[in-house]
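Number of protein chains: 2
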Amino acid sequence: MSENPLHLLMNPKSVAVAGASNTPTKMGSIQALSLLKDGYQGKVYFLHPKDKTIFGIGAYPSPRDLPEVPDLAFLVVPINAALTLLEEFGRIGTKRAIVVTAGFKETGAEGANLEKQLNEVAARYGIRFVGPNCLGIINSQICLNTTVYPFPPSDGLLGLASQSGTYVTQILPLSRKKGIKFSKAISLGNEANIDIADALEYLGEDEQTKAVILYIEGIRNGKKFLEIARKVTRRKPVLAQYVGGTVSGARAGMSHTGAMAGPDFLYDGMFKQAGIIRVGSIEELYDHGWTLATQPMLRGNRIGVMTNSGGPSSSISNTCDLVGLSVPRYSEKLQEQIRPYLQPHAASSNPVDLTFDTSMKNLAITIPEIILKSGEVDALISHGIMHSGFLREIYSHAVDFLGDISFEQFLEMAEPVLTETFEIPRKYNVPYLISTFFGQEDYYTKGFQEHNIPVFHSPEKAARAMGALYHYSLIKKRKPGKKVTLPKISPRAVNILKQARQNRQKALDEHTAKRLLAAYGVPVTKEILAKSLREALAAASKLGYPVALKACHWEIMHKSGKSLIALNIENATSLKKAFLDIRRAAGFFTPVLVQQMLSGGREFLAGMTRFAAFGPGVVFGLGGVFTEVYRDTTIRVAPLTDADAQEMLTDIRGKKLLDNFRGMPEVDKEKMIKILQAVGNIALLHPEIAEIDLNPIIIQKARPVVADALIVLKNGL
Amino acid sequence: MSENPLHLLMNPKSVAVAGASNTPTKMGSIQALSLLKDGYQGKVYFLHPKDKTIFGIGAYPSPRDLPEVPDLAFLVVPINAALTLLEEFGRIGTKRAIVVTAGFKETGAEGANLEKQLNEVAARYGIRFVGPNCLGIINSQICLNTTVYPFPPSDGLLGLASQSGTYVTQILPLSRKKGIKFSKAISLGNEANIDIADALEYLGEDEQTKAVILYIEGIRNGKKFLEIARKVTRRKPVLAQYVGGTVSGARAGMSHTGAMAGPDFLYDGMFKQAGIIRVGSIEELYDHGWTLATQPMLRGNRIGVMTNSGGPSSSISNTCDLVGLSVPRYSEKLQEQIRPYLQPHAASSNPVDLTFDTSMKNLAITIPEIILKSGEVDALISHGIMHSGFLREIYSHAVDFLGDISFEQFLEMAEPVLTETFEIPRKYNVPYLISTFFGQEDYYTKGFQEHNIPVFHSPEKAARAMGALYHYSLIKKRKPGKKVTLPKISPRAVNILKQARQNRQKALDEHTAKRLLAAYGVPVTKEILAKSLREALAAASKLGYPVALKACHWEIMHKSGKSLIALNIENATSLKKAFLDIRRAAGFFTPVLVQQMLSGGREFLAGMTRFAAFGPGVVFGLGGVFTEVYRDTTIRVAPLTDADAQEMLTDIRGKKLLDNFRGMPEVDKEKMIKILQAVGNIALLHPEIAEIDLNPIIIQKARPVVADALIVLKNGL
């Protein structure tokens, strides 16, 4: 168990609230009522400048007047009072706080300064706090709820950490309708002190929480987040929505929690690296999170589909295929067992479609049991189990002809809800997901929800949620990477960079960049720098024709389209002409690089860019001419484990190019992995490097060789 | 107005029902009750072998006993009775029928034969019918409902044609909760007679229907469908879900309606060609369909986002960007007008975030009006307008401290629902979509729905629905293509194919294939067929070095990797060697094609495959080495208009390659369009051609030239 500050914050024995009043429709009061009314057994105290009681409970003018030192201070006061009060709580020895108060970093420079002061006060007294600009927390285990909506006692399984308060609280009525129950939920606000990585760590350690969902507008400490996430995803599923990756998303996030967003593809790569399942909407975040929190591990990808209706069975089957699942045809033997329970000619091969049938026994119990006993599928999706919802529809039309009976009497005439239905998933220990067009007005919907069997109001959603289970089963199977040990810093590299700094260079020239790369084991083209035609001719003879010629100076960062490069030079005559052409374009004293001419049908790229909060990101992808056309790249945060780099190779659309391809041998993947790891390591060892761009990396037979390299240095070195 | 058979079928003055009984829980009876109880004003008659009345209405033993000839026969009888009864209705002169009865084509060969007989009976009497294996129809205009669920009178706007009955009927309770109302709905079943194209035509002509949604498992007459769809989408939005494009989806569809599915990418291309908006789930089909049915045309892509909460505002903004919309920053002037209504420091730049505020006036009326008056956005998305849903939450906690008041009294104390809110969208005539986590328990949700303002229970869904509006605005802006006139059939092509047939060839050799293509104006490489080394040397001299050599015989369909091809031959010496190598590999008498060696950095492909129900599909995409790696292709159904072919060029991911690219000029797109059109035309003129594969089409400077061609002939010619 870590020293995570949320252990105490989420489990206080006493809470002091500042900012509630006896007006029960003000925000602070509404939050205080949640604390009082949802079953929390700890002590609650109020602070109020004048009133002696609030909601019938004793109120005190100042923290020092409280009868005990509360574990948690809960502040919903104006911004200046928040600072003063935090200080006062610090003085009496309170170590945890939730600051709901808004108006800090999210409002600009002045607010950011106030937020800094808040943190300084906290540091002075060893206080750790959530917020500011948040809604607080829910801990279902001790019935603690500080949000504006009621949270009735429940045995939740889903843990949420959210940079939006709305997604902790305003969404509660909708979650209730869906049967989704939090174990713990944390509204993080501006994360001045406790951040989303802390919350993830805490939820990862929490026994009650079976899956963690994260709503993210921007991560402040990327390294910490990634390190914690890697650990948590080995133990339990973590899902995330990230909305800061577009221009509008980033602007909205900035004005909401002052979040520092990063590009979408960076987060995409980082989530993959961490083993986090990314979703595209808040609805999916909850739906898939709840599925992963409640369902056992999916053992394979074979899904059985049960319906009483062909549309949903086709929609589910189609969607299963699209998310990597399969809907296998049942064996003849199994179909023979199923057929007696079907209409003649009804589909028995998977999906099983019972067609219109008002008895639910076959759909809900008999056939599922036969299928699950067979072992031919790893999970079931069922659409069409219904009772009171359906009967209500029928009743409204038939009532006149049923004799004078009430709906309740009509329900009694019908088949009762078959409660065995709800036991089947646990009995066979497989994932079981329900699709229905009825809400809780239908007794089956309600029953499934009460048994933590997820219910979706759309066939495709059930199939996609099953896809999330499959996704996590793949994450669990990932090989853990070997711990990265950074290589020793190369004196040659240090010298190169020192020299460049002395020269006030903004970049290294190609040849020098390659020397630096080679110092870390990156394979580069054989090449010789020539300062004269004579040297160039000698170099070409030494390297052997054909060669390439390139103007080589740090100020020349991009060579193509400017007559600074000549390829496929076959002989001395051509070399002479090319040399002079390049000199003419680049200037008479520009050195010329004479380079072995590599040829190979396959070109890749590797690169490095630094990102705020995450540090260096290493990119791998398709290189050469098609780089800009397909933008087929993937990114991971450095340092890369061997497993990280390995996954990058299969994460590009053009991954086929790395295999035996049109007569060309499989690329030496170990070597490519080493290049990617080296790029990350170089970035970590040499913070003065701003960017690395290796493009193309040409595959010579099987071996990747860097044919062009650019290393950009940080400004102001 | 067309002679569409649904005009009468959907508007009968009288209906005769066969298959209902006085047991109100049987399927036929439930359907009959819908007919009786939902307000239909036409005459309803029953047929029954024994009973004299059904549900108190006169029943007759046979159609000939009916007091009048009903406009519509509705059959829910066993399969053999269906055949007999249809015949009897035919005899008395009934011209329309709905056959609910299942057990036909969807069950295999025997059922398919019965379905054929059904159609023969219909043809004999001039009957047009919907089904078999369907649930019938809903026509809200005349309160006609034959489905198993009630459909209360409503002024619907959305037309549905569905190959699943469930999506017409079982989904109704869910649609009601969402405020979605059908104008007309048709469950098509097996489409033995009236098909989805007829239904689309009918809904396209129907004045009440403002948008059409289609649920598709497989289209039986693709040409008819495409032709009708092209017309309808010019008048009103059409959306479709297609689920038959995967192995499992196709199998499920086959056993459901006997639908003949086709590959997903074919439908994808065909929908684009037709101007149909494709969706990925039944939920999106309804949600986006309802949005398009109710909202005015989106005039641009500038979206205003209004919330009282940062999470949804970030989620909406991010999703807007992802679907091609923009969330523009408001002008300083506009922000100044907005700020007085916001908390200090609250976001005013777009999104506007009011943060926690229990009064709805600013969020729902004041600020939207200011924004819409400014003209700075084309539409609004709003999250967080709430009333009774929210108050119910608050009340449950505050009740003890409010004095002894009921929830109703508490509601009265609160701000009333501001009904002006619902008038704003119409007043400014812009699309207006709502996100909220409350259902109809909230008065605002209910009010918006009653005013046909779509409500979504997720911020991202509202943004995606706005994306569908944007998508349709782009479809409306498409240039209509010129009508295609097929060229005159080429005598040379006819001769080539005749000869091949006489030789019992399965394909044309490359050279002959190119001669055929050239006869229709397709630019091909300059080349000469050589039967000897001497001829080859002469040919090379004539064409000029470098040349390519290829073994040329119809049995050699794929040349690469088999030593049957030699490229970049620079001189006579190399040619001799290459010629002999090829002869050694291909056989001594195999002719050798001597071809100008094209070089160009860009390679594309064009091709043709025939598809059941649709005929020839023309493919365009990235060619050469990367063909299999990126599978970057798009397809349209022949014949292609110039506009179809033009759209194909921009529909591939690698479209940048067609423009000025790395110093290469823009590809001559007119010429590429002509190649694509020619491929389609050749397929239509010469049905004996099974497949065409032109890969690569090399771009020489700007001009596309076919460098290799394969034409496969149909078997058994």
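Chain order of the listed sequences is L and R.
If you count by this note's numbering, then the first sequence holds residues 1 to 717, one letter each, in order.
If you count by this note's numbering, then the second sequence holds residues 718 to 1434, one letter each, in order.
Heads up, the beta-carbon is just placed ideally off N, CA and C, and yes, glycines get one too.
None of these values were measured; they are calculated from a predicted model.
(message) For a contact defined as C-beta to C-beta under 8 Å, what are the partners of proline 546 of chain L on chain B?
(response) The chain labelled as chain B is not found among the protein chains of the depicted structure, namely L and R.
(request) Give the residues of chain L in contact with aspartate 1070 of chain R, contact being defined as C-beta atoms less than 9 Å apart. (result) Translated into positions along the second sequence, residue 1070 of chain R becomes position 353. Using a Cβ-Cβ cut-off of 9 Å, aspartate 1070 of chain R is close to Ala252, Ser255 and His256 of chain L, given in chain order.
(message) Is the beta carbon of glycine 843 of chain R closer than 7 Å to that of serine 857 of chain R?
(response) Taking the first residue of the second sequence as position 1, residue 857 of chain R is located at position 140. Taking the first residue of the second sequence as position 1, residue 843 of chain R is located at position 126. No, the pair does not count as a contact, with Cβ atoms beyond the cut-off.
(message) Using only the alpha-carbon positions, how far apart do arginine 995 of chain R and glutamine 1012 of chain R sit?
(response) Position 278 of the second sequence, counted from the first residue, corresponds to residue 995 of chain R. Position 295 of the second sequence, counted from the first residue, corresponds to residue 1012 of chain R. Straight-line Cα distance between these residues: approximately 18 Å.
(request) May I have a chain-ordered list of the alpha helix (DSSP H) segments no shorter than 4 residues that lie completely inside the stretch 1265 to 1305 of chain R? (result) You should have 1289 to 1303.
(request) Could you tell me whether any Cβ in chain L is nearer than 7 Å to the Cβ of glycine 1371 of chain R? (result) Here the question's residue 1371 of chain R lines up with position 654 in the second sequence. Judged by the 7 Å Cβ criterion, glycine 1371 of chain R is in contact with chain L.
(message) Can you tell me whether arginine 96 of chain L is buried or exposed? The criterion is at least 16 other CB atoms within 10 Å of its CB, across all chains shown.
(response) What you label residue 96 of chain L is simply residue 96 of the first sequence in a count that begins at 1. Arginine 96 of chain L comes out buried.
(message) If I measure Cβ to Cβ from isoleucine 1286 of chain R and keep anything under 8 Å in the same chain, skipping five residues before and after, which residues do I get?
(response) Looking up residue 1286 of chain R in the second sequence gives position 569. Within the same chain, Ala1257, Tyr1262, Pro1263, Val1264, Ala1265, Leu1266, Leu1292, Ala1295 and Met1314 come within 8 Å of isoleucine 1286 of chain R by CB-CB distance, once the 5 residues on both sides are set aside.
(message) Less than 7 Å between the C-beta atoms of threonine 23 of chain L and serine 29 of chain L, yes or no?
(response) Along the first sequence, one-based indexing puts residue 23 of chain L at 23. Along the first sequence, one-based indexing puts residue 29 of chain L at 29. Pairing threonine 23 of chain L with serine 29 of chain L gives a Cβ-Cβ distance under 7 Å.
(message) For proline 1208 of chain R, count the other beta carbons within 10 Å of its own beta carbon; 16 or more makes it buried, fewer makes it exposed. Which is it?
(response) Within the second sequence, residue 1208 of chain R is the residue found at index 491, counting from 1. With fewer than 16 other Cβ atoms within 10 Å, it is exposed.
(request) Might you give, ordered along the chain, the residues of its own chain that have their beta carbon closer than 7 Å to the beta carbon of isoleucine 936 of chain R, omitting 5 neighbours on each side? (result) The residue labelled residue 936 of chain R in the question sits at position 219 within the second sequence. These residues qualify, in order along the chain: Ile913, Phe942 and Ala1330.
(request) Quick one: residues in its chain with C-beta nearer than 7 Å to the C-beta of leucine 1434 of chain R, no 5 flanking neighbours on either side, listed in chain order? (result) Taking the first residue of the second sequence as 1, we reach residue 1434 of chain R at position 717. With a pLDDT of only 47 at leucine 1434 of chain R, under 50, the local geometry of the prediction cannot be trusted, and no value is derived from it.
(message) Any beta carbon from chain L within less than 7 Å of glutamine 887 of chain R's own beta carbon?
(response) Residue 887 of chain R sits at position 170 when you count from the first residue of the second sequence. Residue-level contact by beta carbon holds for glutamine 887 of chain R and chain L, with a gap shorter than 7 Å.
(message) Taking beta-carbon pairs under 7 Å, can you tell me which members of the stretch 18 to 50 of chain L lie near chain R?
(response) Cβ contacts with chain R come from Pro24, Thr25, Met27, Ile30, Leu33, Ser34 and Lys37.
(message) Would you say serine 857 of chain R lies against chain L (beta-carbon separation less than 7 Å)?
(response) Along the second sequence, read from residue 1 onward, the residue named residue 857 of chain R stands at position 140. Closer than 7 Å: no.
(message) Give me the chain R residues within the contact set of glycine 521 of chain L, using Cβ-Cβ distance strictly less than 9 Å, ordered along the chain.
(response) The residue you call residue 521 of chain L lines up with position 521 of the first sequence. The contacting residues do not exist; glycine 521 of chain L stays about 29 Å from chain R at best.
(request) Assign phenylalanine 1306 of chain R to one of two classes, buried (16 or more other C-beta atoms within 10 Å of its C-beta) or exposed (fewer than that). (result) Looking up residue 1306 of chain R in the second sequence gives position 589. By the neighbour-count rule (16 or more Cβ atoms within 10 Å), phenylalanine 1306 of chain R is not buried but exposed.
(message) Is it the case that the stretch 1105 to 1117 of chain R contacts the stretch 1188 to 1196 of chain R, given that we only count it when at least three CB pairs across the two stretches are under 8 Å?
(response) Fewer than three beta-carbon pairs drawn from the stretch 1188 to 1196 of chain R and the stretch 1105 to 1117 of chain R are found closer than 8 Å, and the two stretches are therefore not classed as touching.
(request) Identify the contact partners of histidine 471 of chain L in chain R, using a Cβ-Cβ distance below 7 Å as the criterion. (result) Taking the first residue of the first sequence as 1, we reach residue 471 of chain L at position 471. The contacting residues do not exist; histidine 471 of chain L stays about 17 Å from chain R at best.
(message) Can you check whether the C-beta of aspartate 321 of chain L is within less than 7 Å of a C-beta belonging to chain R?
(response) Position 321 of the first sequence holds residue 321 of chain L. At a cut-off of 7 Å between beta carbons, aspartate 321 of chain L contacts chain R.
(request) Keeping to the same chain, check which residues put their C-beta closer than 6 Å to that of glutamine 208 of chain L; ignore five residues upstream and five downstream. (result) Here the question's residue 208 of chain L lines up with position 208 in the first sequence. Gln141 and Ser183.
(message) Which residues in chain R have a C-beta closer than 7 Å to the C-beta of leucine 174 of chain L? List them in chain order.
(response) As a working note, residue 174 of chain L is residue 174 in the first sequence. Those are Phe1154 and His1174, listed as they occur along chain R.
(message) Would you say glutamate 934 of chain R lies against chain L (beta-carbon separation less than 7 Å)?
(response) Locating residue 934 of chain R in the second sequence gives position 217, counting from the first residue. Chain L contact via Cβ: present.
(message) Among the candidates L:Asp321, L:Ser348, L:Ser326 and L:Leu342, whose CA atom is the shortest distance from the CA of lysine 333 of chain L?
(response) What you label residue 333 of chain L is simply residue 333 of the first sequence in a count that begins at 1. For the options L:Asp321, L:Ser348, L:Ser326 and L:Leu342, the alpha carbon positioned closest to that of lysine 333 of chain L is the one of L:Ser348.
(request) Return the residue from the list R:Ala737, R:Thr1138 and R:Met727 that minimises the CA-CA distance to methionine 1077 of chain R. (result) Counting from one through the second sequence, the residue named residue 1077 of chain R turns up at place 360. Measuring C-alpha to C-alpha distances from methionine 1077 of chain R to each of R:Ala737, R:Thr1138 and R:Met727 identifies R:Thr1138 as the nearest.
(message) Rounded to the nearest angstrom, what separates leucine 710 of chain L and glutamate 691 of chain L at their Cα positions?
(response) Here the question's residue 710 of chain L lines up with position 710 in the first sequence. Here the question's residue 691 of chain L lines up with position 691 in the first sequence. Each residue's Cα considered, the two are about 8 Å apart.
(request) Assign histidine 1275 of chain R to one of two classes, buried (16 or more other C-beta atoms within 10 Å of its C-beta) or exposed (fewer than that). (result) Your numbering for residue 1275 of chain R matches position 558 in the second sequence. Histidine 1275 of chain R comes out exposed.
(request) Determine, using beta carbons only, whether glycine 90 of chain L comes closer than 7 Å to chain R. (result) If you number the first sequence from 1, residue 90 of chain L lands on position 90. It does not; no Cβ of chain R falls within 7 Å.
(request) Could you tell me how far apart the beta carbons of glutamate 934 of chain R and histidine 973 of chain R are, in whole angstroms, since I believe they sit closer than 8 Å? (result) Position 217 of the second sequence, counted from the first residue, corresponds to residue 934 of chain R. Position 256 of the second sequence, counted from the first residue, corresponds to residue 973 of chain R. Cβ atoms of glutamate 934 of chain R and histidine 973 of chain R come within 8 Å of each other, at about 6 Å.
(message) Can you tell me where the alpha helix (DSSP H) holding glutamine 1216 of chain R begins and where it ends?
(response) As a working note, residue 1216 of chain R is residue 499 in the second sequence. From DSSP, the alpha helix (DSSP H) with glutamine 1216 of chain R extends over 1208 to 1219.
(request) With DSSP as the reference, please indicate the residues paired to asparagine 856 of chain R in a beta bridge. (result) Mapped onto the second sequence, residue 856 of chain R falls at position 139. Assignment of beta-bridge partners to asparagine 856 of chain R by DSSP yields R:Leu861 and R:Lys901.
(request) Could you check the C-alpha separation between leucine 764 of chain R and alanine 776 of chain R for me, to the nearest Å? (result) As a working note, residue 764 of chain R is residue 47 in the second sequence. As a working note, residue 776 of chain R is residue 59 in the second sequence. Per the coordinates, the alpha-carbon of leucine 764 of chain R lies some 5 Å from the alpha-carbon of alanine 776 of chain R.
(request) Just the C-alpha distance for proline 704 of chain L and lysine 671 of chain L, rounded to the nearest angstrom, thanks. (result) Along the first sequence, read from residue 1 onward, the residue named residue 704 of chain L stands at position 704. Along the first sequence, read from residue 1 onward, the residue named residue 671 of chain L stands at position 671. Rounded to whole angstroms, proline 704 of chain L to lysine 671 of chain L spans 7 Å at the Cα level.
(request) Please confirm if the stretch 1110 to 1129 of chain R is in contact with the stretch 1029 to 1044 of chain R, defined as three or more CB-CB distances below 8 Å between the two stretches. (result) Too few Cβ pairs lie closer than 8 Å, so no.
(message) Considering Cα atoms alone, identify which of R:Met744, R:Asn728 and R:Gly736 is closest to lysine 760 of chain R.
(response) Your numbering for residue 760 of chain R matches position 43 in the second sequence. Nearest in C-alpha terms to lysine 760 of chain R, of all of R:Met744, R:Asn728 and R:Gly736, is R:Asn728.
(request) Compute the Euclidean distance between the alpha carbons of glutamine 677 of chain L and asparagine 503 of chain L, then round it to the nearest angstrom. (result) As a position in the first sequence, residue 677 of chain L is number 677, starting the count at 1. As a position in the first sequence, residue 503 of chain L is number 503, starting the count at 1. The alpha-carbon separation between glutamine 677 of chain L and asparagine 503 of chain L amounts to approximately 29 Å.
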